[in-house]
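In what follows, a single structure is set out as structure tokens and then discussed.
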Amino acid sequence: MRVLLIDDEKELVSTLSERLDLRGIANDWATSGEQGLELLAAKNFDWVVVDLKMPGLGGVGTIQAIKRRQPQARVMLLTGHSAAEDLKQALEMGADRYLVKPVDIDDLLALMQQGRD
Amino acid sequence: MSQPPGREQEGRALDFFGAVTASATHEIKNELAVINEQSHLMLEMLQMAAQGRQPDPQRLADLTGRIIARVGQADQVVRRLNTFAHSAEKQRDRCLVAPALELIVRCYVRLAALKGVSLELAPLAGRETLEIKAPPILLEQALWAALQAAVAAAASGSRLQVGLEQAGGVLRLRLAGELTAPPAALPDQVLAPLGATARAEDGALVLEIPLSPPPAA
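Chains E and B, in that order, are what the protein sequence lines are.
Take 1 as the starting number for the first sequence in my numbering and just add one per residue.
Take 1 as the starting number for the second sequence in my numbering and just add one per residue.
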């Protein structure tokens, strides 16, 4: 399984990446939707974890672009608060699962595993 | 269906209060999310040490330092939120302008950043005692509305400079930057209680508030 993490909070995304490394899960990370899409152009990912609130393309715009470019990639939405309207919009745009921060890595991996089954 | 003016003002004030607290709690949540990741990573490194794989002491020290810094940042947001909450709780009829402006600009930094706009507050030296005869929450609400309008009109990737001046009996707030469109008009329910006016002027949004709002305002 290869995972792409996209969150504008560098310390969060780099630390989550390190924790996935410890579990032997191949991953890359980016701090913007635009940067994430560049990585997506170079590699295939099974899962893309996307923060909802980001400058620039934003979470929803990033999810739409991911689904256009790699329709097979599953998308996990990360949100600070489970604001119903934002979540509804993101799920309608193609997010497959969502998690509310702070991330429980066991929940994250379990949801990814369910998504593969 | 239109509401009576008093109700509209109350509704606007509630929207404002909600927007500030929602943004601040989002910032706190973000800090907690980072602290969560870093502390769990430390725990996992220590658990691995117990199994014989020695962690890098420098990495552990670095993570500890970052957690301490993040706790400090979260504390700053909580203090800011607390100051804001207290500004609304009493029927105060006077307000120091500089601290109110600093508070509201800091509260708006994250929302501006989401639109790709950075905020820069011009030095307030010499204006520390500038006072307005109005409840702090009314001034803060007008400042927030001005920031909302200016940031919405500003180009992504640009910087918005916020400056404060006093001209006679009038407080003049100027939000200048690379505006791609005229800023939206500020709601009358926000301006009227202060007797304030707002207008676009030479690529800036200018908000003028009398230091002593007329009693009818």
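Glycine included, every Cβ here is placed at the ideal spot set by N, Cα and C.
**Item:** For G168(B), the nearest candidate out of I35(B), E208(B), V20(B) and R7(B) (CA to CA)
**Value:** E208(B)
**Request:** Using a Cβ-Cβ cut-off of less than 7 Å, list which residues of the stretch 67–89 of chain E approach chain B; keep chain order.
**Result:** G80 and H81
**Asked** At what residues does the beta strand (DSSP E) containing G58(E) begin and finish?
**Response** Where G58(E) is concerned, there is no enclosing beta strand (DSSP E), although the alpha helix (DSSP H) it sits in stretches over G58 to R69.
**Message:** Taking CB distances under 8 Å as the criterion, tell me whether R79(B) reaches chain C.
**Reply:** The structure shown contains no chain C; the protein chains it does contain are E and B.
**Prompt:** Quick one: is K53(E) buried, meaning 16 or more other Cβ sit within 10 Å of its Cβ, or exposed?
**Reply:** buried
**Start and end residues, alpha helix (DSSP H) containing Q189(B)** = D188 to L191
**Asked** What is the DSSP secondary structure of A217(B), counted as helix, strand or coil?
**Response** With a pLDDT of 47 at A217(B), under the threshold of 50, the modelled position of that residue is not reliable, and no figure is offered here.
**Outcome for P193(B) when other beta-carbon atoms lying within 10 angstroms are tallied against a minimum of 16** = buried
**Prompt:** How would you call A110(E), buried or exposed, if buried means at least 16 neighbouring beta carbons within 10 angstroms?
**Reply:** exposed
**Prompt:** Between the stretch 75–83 of chain B and the stretch 45–64 of chain B, are three or more C-beta pairs nearer than 8 Å?
**Reply:** no
**Message:** Only counting the same chain, and skipping five residues up and downstream in sequence, which positions put a Cβ closer than 8 Å to that of E102(B)?
**Reply:** L121 and L124
**Segment limits, beta strand (DSSP E) that includes D28(E)** = A26 to A30
**Message:** Under 8 Å, Cβ to Cβ, is there at least one residue of chain E near A33(B)?
**Reply:** yes
**Message:** Can you tell me whether H26(B) is buried or exposed? The criterion is at least 16 other CB atoms within 10 Å of its CB, across all chains shown.
**Reply:** buried
**Request:** Give the single residue among E89(B), I137(B), Y108(B) and V71(B) whose Cα lies nearest to the Cα of N36(B).
**Result:** V71(B)
**Message:** With a threshold of 8 Å, are at least 3 pairs of Cβ atoms found where one atom belongs to the stretch 103–116 of chain B and the other to the stretch 171–179 of chain B?
**Reply:** no
**Message:** Once the 5 residues before and after F17(B) are set aside, which same chain residues still bring their CB inside 6 Å of it?
**Reply:** none
**Asked** Quick one: Cα of R19(E) to Cα of L32(B), how far?
**Response** 17 Å
**Item:** Proximity to R74(E) [Cα-Cα], best of T31(E), Q113(E) and V100(E)
**Value:** Q113(E)
**Request:** For I59(E), I'd like the list of residues in its chain whose CB is within less than 7 Å of its CB, leaving aside the five on either flank, ordered along the chain.
**Result:** The identity of residue 59(E) in the sequence shown is Gly, whereas the question assumes Ile. Once the five neighbours on either side are set aside, the close Cβ partners of G59(E) are V50, D51, L52, K53, L77 and A90.
**Prompt:** For a contact meaning CB atoms closer than 7 Å, what does K29(B) contact in chain E?
**Reply:** G80, H81 and K101
**Prompt:** Under 8 Å Cβ-Cβ, which residues of chain E neighbour G163(B)?
**Reply:** Ordered by position in chain E, no residue passes the 8 Å Cβ test against G163(B), which lies about 24 Å from the chain.
**Message:** Counting only C-beta atoms, is Q76(B) closer than 8 Å to chain E at any point?
**Reply:** no
**Request:** Pull up the distance between the alpha-carbon of A217(B) and that of K133(B), whole angstroms please.
**Result:** Note that A217(B) scores 47 on pLDDT, short of 50, meaning its location in the model is unreliable; the coordinates nonetheless yield the value given after this. Taking the straight line from one Cα to the other gives about 12 Å.
**Prompt:** If the cut is a Cβ gap below 7 Å, which residues of chain E does L114(B) touch?
**Reply:** K53 and P55
**Prompt:** Name the DSSP bridge partner or partners of P123(B)?
**Reply:** Answer is none; P123(B) lacks a bridge partner.
**Asked** Would a check of beta-carbon distances place R19(E) closer than 8 Å to chain B?
**Response** yes
**Prompt:** Mapping DSSP to helix, strand and coil, what is R94(B)?
**Reply:** coil
**Request:** Give a yes or no on whether 8 Å exceeds the smallest Cβ distance from I136(E) to chain B.
**Result:** Since the displayed chain E opens at 1 and closes at 117, residue 136(E) lies outside it and no answer follows.
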